[in-house]
């Protein structure tokens, strides 16, 4: 997130960037899980994946990192299977 930005703006900018990447022919757009970092708004990659996948047509959206020790592996598998 840029300084002075809010969550709504960050989601909007992420979607705009993904839409451009899709138009430019990029094949993949990945998210990773980050916590306690002021400049990043990606605490739940599975939510970001659903949001971006709904706004793009061809690009493959996925996760490059989930903090598995923090969750039940079964729950993580179910969340991503749902996507």
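Numbering (UniProt numbering), first residue to last: 1 to 83. Backbone N, C-alpha and C fix where the C-beta goes; we use that ideal spot for every residue, glycine too.
Count the other CB atoms, across all protein chains shown, that sit within 10 Å of the CB of residue 31; report buried if there are 16 or more and exposed otherwise. With at least 16 other beta carbons inside 10 angstroms of its own, residue 31 counts as buried.
Taking only the alpha-carbon atoms, compute the straight-line gap between residue 80 and residue 46 and give it to the nearest angstrom. 7 Å
Can you give, in chain order, each stretch of the alpha helix (DSSP H) that sits fully within the region 35 to 64 and has at least 4 residues? 45 to 53
Segment limits, alpha helix (DSSP H) that includes residue 70: Per DSSP, residue 70 belongs to no alpha helix (DSSP H) and is neither H nor E.
Paired residues, beta bridge with residue 31 - DSSP: In the DSSP assignment, the residues bridged to residue 31 are 63.
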